[in-house]
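*Asks:* In the numbering used here, the protein residues as written are -1 to 358.
1. For residue 157, I'd like the list of residues in its chain whose CB is within less than 6 Å of its CB, leaving aside the five on either flank, ordered along the chain.
2. Considering only residues of the same chain and omitting the five flanking positions on each side of residue 102, which have a CB-CB separation below 7 Å?
3. Does the beta-carbon of residue -1 have 16 or more other beta-carbons within 10 angstroms, so that it is buried, or is it exposed?
4. Under 7 Å Cβ to Cβ from residue 358, same chain only, skipping five residues before and after it: list those, please.
5. Going by CA-CA distance only, name the one from 323, 270 and 148 that's closest to residue 53.
6. Between which two residues does the alpha helix (DSSP H) containing residue 350 stretch?
7. Do residue 23 and residue 37 have their beta-carbon atoms positioned less than 8 Å apart in this structure?
8. To the nearest angstrom, how far is the alpha carbon of residue 295 from that of residue 345?
9. Go through its chain and collect everything with a Cβ distance to residue 4's Cβ below 7 Å, but skip five positions before and after it.
10. Classify residue 145 as helix, strand or coil using the three-state DSSP reduction.
11. Can you give me the C-alpha to C-alpha distance between residue 146 and residue 307, rounded to a whole angstrom?
12. Rounded to whole angstroms, what is the Cα-Cα separation between residue 282 and residue 12?
13. Please return the same chain residues whose Cβ sits closer than 6 Å to the Cβ of residue 20, not counting the five positions on each side in sequence.
14. How long is the line joining the alpha carbons of residue 111 and residue 122, rounded to whole angstroms?
15. Between which two residues does the alpha helix (DSSP H) holding residue 110 run?
16. Can you name the residues that DSSP bridges to residue 24?
17. Reducing DSSP to helix, strand and coil, say where residue 326 ends up.
18. To test your reading of the DSSP string, which unbroken beta strand (DSSP E) runs of 3 or more residues are found completely within the segment 163 to 251?
19. Roughly how many angstroms lie between the CA atoms of residue 76 and residue 305, to the nearest whole one?
20. So, helix, strand or coil for residue 339, using DSSP?
21. Using the Cα positions of residue 219 and residue 231, report the straight-line distance between them to the nearest angstrom.
22. Rounded to whole angstroms, what is the Cα-Cα separation between residue 96 and residue 291?
23. Checking 8 Å against the spacing of the C-beta atoms, do residue 98 and residue 332 come in under that value?
24. On the three-pair Cβ rule with 8 Å, is the segment 236 to 244 touching the segment 183 to 197?
25. Which residue's Cα is closest to the Cα of residue 176: 128, 328, 199 and 237?
26. DSSP state of residue 85, grouped into three classes?
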């Protein structure tokens, strides 16, 4: 298996942190209307970066494996993916259920049908199966799992030695993303399509995943650039992304900028290491999955505290900062006590055991 690319892990952490701030940004005022505290235009698109990063990492680690794919090999691959995603999803999901049962959420347990419970248990909320989610943001993890299932189809196209075939896969993915953006189903913007009552969230994930695979395939383009130029791009592309957001230009344009960003960070150059591979940001990337799943639990608590102690900007920012610190700490606990032990336990339980060599 290939070595980890620290900058890609780090940027995943940055993406998770921005998503957290984005989801804390707008709150419903008790007097009516909405208060905006942390405005991050198109913040929902950071989920799409997750998909691209996952696609790239799958190509990096499994490209050769999928060249000689068998049913047994694919089953083992999926077991590793499930072991990676499911433990934290299940355990953190129990806290969401407890929150609902305690009346601390806008939902009630009676709202969930047997089909909803089944779909949530098996991580199907992002598959367009009309499943009411327990963890709203988990549609992305669910859709990513669906992308893994499609990898035997995606890998040959995106990794083809014939460049025109790989380019065709890129075009198909971009057309798919455009199709998602014109559905009119986006909540925060054209590409913010998350409702599990259609296949569009899954299409959004699969297209991002395919683009990540293709970024790996065409990585040699970045290698033609000098180290200095790569360092410049590591700074320039994020600045361009911020500029697009400030100008409120287009989420489609911002989406396109993620492609060269992932590509240049994948080379793990000096500036990429400095900004995204440093110890702090890298650690954020390591615990980013737990951060992503945990953070919605604290949005309502922050709003309740703010309303109780006074609806001032300072109070909301203060309670948000407390929530951010708590989320960070709990994500670290989740990674150490749930993600890693859960992964090892599932692999021990279901991975095929190697035959023990006879003792002479």
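Positions of the beta carbon are idealized from the N, C-alpha and C atoms, including for glycine.
*Replies:* Short version:
1. 61 and 215
2. 298
3. With a pLDDT of only 47 at residue -1, under the threshold of 50, the placement of this residue in the model should not be trusted; the figure read from the coordinates follows. Exposed, because fewer than 16 other Cβ atoms sit within 10 Å of the Cβ of residue -1.
4. In this prediction, residue 358 scores a pLDDT of 46, lower than 50, which makes its location untrustworthy; the coordinate-derived value is nonetheless stated afterwards. Correct list: empty, nothing qualifies.
5. 148
6. Segment: none, residue 350 is in no alpha helix (DSSP H) and carries neither H nor E.
7. yes
8. 29 Å
9. 266, 271, 275 and 280
10. helix
11. 46 Å
12. 7 Å
13. 38 and 41
14. Each residue's alpha carbon lies about 14 Å from the other.
15. Note, residue 110: premise wrong, no alpha helix (DSSP H); not H, not E.
16. 34
17. Helix at residue 326.
18. If we require 3 residues or more, the segment 163 to 251 turns out to have no beta strand (DSSP E) run fully inside it.
19. 45 Å
20. helix
21. 13 Å
22. 15 Å
23. no
24. no
25. 199
26. helix
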